[in-house]
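Residues in the sequence shown are numbered consecutively from 154, following the numbering used here.
We treat Cβ as the ideally placed atom computed from N, Cα and C, and that holds for glycine.
Note that this is a predicted model, so its numbers are computed, not measured.
I have placed the structure first, in the form of structure tokens, so that the comments after it can refer back to it.
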Amino acid sequence: MIAVKRPIGFATVDQCADFFGLTQREVKQKAQSGDWPSYFIGDRRVFDMDELVKLLARHSQEITGGASA
């Protein structure tokens, strides 16, 4: 399980792509489909990384049945 000890903050599409090893297009598709919650600050799409990491951790536990790697 991923433990977040302090707030990570917001990340842009390109930062999310780098962090998760995805393309910017894949990140945008996840946001547009509603799979990943995102927000706009001005004209830039940003992600609350604390929220996103928790969401992905929950999803990972559902897939593995709670088993840790």
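Original post:
Roughly how many angstroms separate the alpha carbons of A222 and E204, rounded to a whole number?
Top reply: Its pLDDT being 49, under 50, A222 is placed unreliably by the model, and nothing is read from it.
Subject >> DSSP bridge partner residues for T233 (one or two, in chain order) >> reply: Absent from the model: residue 233. The displayed extent of the chain is 154 to 222, so no value can be given.
Subject >> Environment of K183 [buried if 16+ CB atoms lie within 10 Å] >> reply: buried
Original post:
Among the residues of its own chain, which have a CB less than 7 Å from the CB of S191, if the five just before and after it don't count?
Top reply: A184, R198, V199, F200
**OP:** Confirm, please, whether the CB-CB distance from Q177 to D167 is below 7 Å.
**Re:** yes
Original post:
When the Cα atoms are used, what is the spatial distance from A170 to G162?
Top reply: 15 Å
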